[in-house]
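Working notes, beginning with the structure itself.
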Amino acid sequence: MIHASILVDMEPLPETTLRALRHDLDTWALNAGFDALGVADLDLAVHGPRLRAWLEGGYHGDMAYLERNLDKRLDPARLVDGVVRAVVVRMNYLPEGQNLPLSLADRERGYIARYALGRDYHKVMRRRLARLAERISAAIAPLSHGYRVFTDSAPVLERALAIKAGFGWTGRNSLVLNAEAGSWFFIGEILTDLPLPVDARRDEDQCGACHACLRVCPTDAIRDDRTIDARRCISYLTIENRGTIPLEFRSAIGNRIFGCDDCQIWCPWNRSAPHSTEPGFRPRETLDQRPLDELFALDEDGFLKLTEGTAMRRIGFEQWQRNLAVALGNAAPAPDRIALLQSRLESATPMVAEHIRWALDQLVRKNVER
Ligand code: SF4
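With the sequence shown counted from 1, adding 1435 to any position gets you our numbering.
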């Protein structure tokens, strides 16, 4: 929702008021449930050449929407009339009690990216951002406040804004890394017409000689220039990609049925990353430890019920079955599992059936090799 401003008809806010407002924002953000806040200007032109080269290289795969609105991505002021600053927030999402390497090693259970285990973050973040923006509006009343809130919902270069707002540096895995918080956090922003003082703090690149994320990426998706080849990235292959998963990546996908966290799991800056205190981000329905066979046996109603209110809903039942078929092909060749896969062949869509046949081939081959 765009909130119109009448600032043009009134006296602008004095510097002292804007500075006091900036000071109060930190407290209001914490009260709203965010873990940090920063303010950035909206000039992202410096990212233009790299973004264009990445798109021209085709590294975005089928995400054609990334090619659109390039002007708005590089200049968020074009998104909403009159906005001049981004109030950027971050919110930790890693639930407590996760043994991530163990979850990945357990080929009998599905691995779901940790951001998607709980309540859909878009809803949580948007509601809190709206509350924070309303708090700002109340503070400057009767002057009106023009703003719009975003979280992964529009052509906004969120990571670039987060770094401008002082949240850290771009890691080799392309994520925003913060020396205290690691990278397990969501980013959201309020584009506002208030000319708030910007944060000057800039964290130096602290990846140093580390290349852990490049080494552990199962599909070699991380490029030397700190961008990702989405066409190789398991998050893309299992979520954004609506079609067939290329054969060359299926074994490497292992038990990852929705997204991938490997480049975060092994990043040294995440060794002591804080956990989320948001109850909504706790895993729903033990989604962090469900057996693959049980998940694959679900019908569409079961899938919809299990994923209700989570970000996993977006992939739909067909992609869900496709991903699970691949993971089952990477699991142990138990007779019950083979029977379960065979029992779904007839009702599966052609795309899912092709993945089931691949999985059956894998399991039969493993049985022969035993
Ligand atoms: S794993 Fe190492 S290289 Fe990769 S983002 Fe983390 S610190 Fe940087």
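Quick reminder that beta carbons are idealized off the backbone N, C-alpha and C, glycines included.
Query: For Asn1613, the nearest candidate out of Ala1471, Thr1452, Leu1682 and Tyr1582 (CA to CA); Result: Ala1471
Query: Run of the beta strand (DSSP E) containing Thr1627, from where it starts to where it stops; Result: Phe1620 to Thr1627
Query: Where Pro1530 falls: helix, strand or coil (DSSP); Result: coil
Query: Thr1662 beta carbon less than 8 angstroms from that of Tyr1494; Result: yes
Query: Where Phe1684 sits in the DSSP three-state scheme; Result: helix
Query: Check: Ala1647 C-beta below 7 angstroms from any heavy atom of the ligand SF4; Result: yes
Query: Distance cut-off 7 angstroms: Leu1539 Cβ against heavy atoms of the ligand SF4; Result: no
Query: Reference Ala1551; option with closest CA among Met1526, Ala1480, Phe1716 and Pro1590; Result: Phe1716
Query: Contact check, Met1560 vs Thr1679, beta carbons under 8 angstroms; Result: no
Query: DSSP state of Phe1838 mapped onto helix, strand, coil; Result: The shown model of the chain, from 1436 to 1805, leaves out residue 1838, and the question about it has no answer.
Query: Simplified DSSP assignment, three categories, for Gly1617; Result: strand
Query: Assumed close pair Pro1511, Val1591 - CB separation to whole angstroms, cut-off 8 angstroms; Result: 6 angstroms
Query: Strand pairing of Arg1589, partner residues [DSSP]; Result: Reading off the sequence, residue 1589 comes out as Ala, not Arg. Answer is none; Ala1589 lacks a bridge partner.
Query: Rounded straight-line distance, which links the Cα of Ser1707 to that of Gly1473; Result: 22 angstroms
Query: Any 3 or more C-beta pairs closer than 8 angstroms across the stretch 1639-1659 and the stretch 1596-1616; Result: yes
Query: Cβ-based neighbour list, Val1518, same chain, cut-off 8 angstroms, excluding 5 preceding and 5 following; Result: Leu1477, Pro1511, Ala1512, Gly1581, Tyr1582, Arg1583, Leu1626, Thr1627 and Asp1628
Query: Per-residue burial, Asp1723 [other beta carbons within 10 Å of its own, 16 or more giving buried]; Result: buried
Query: Status (buried if at least 16 other CB within 10 Å, exposed otherwise) for Arg1667; Result: buried
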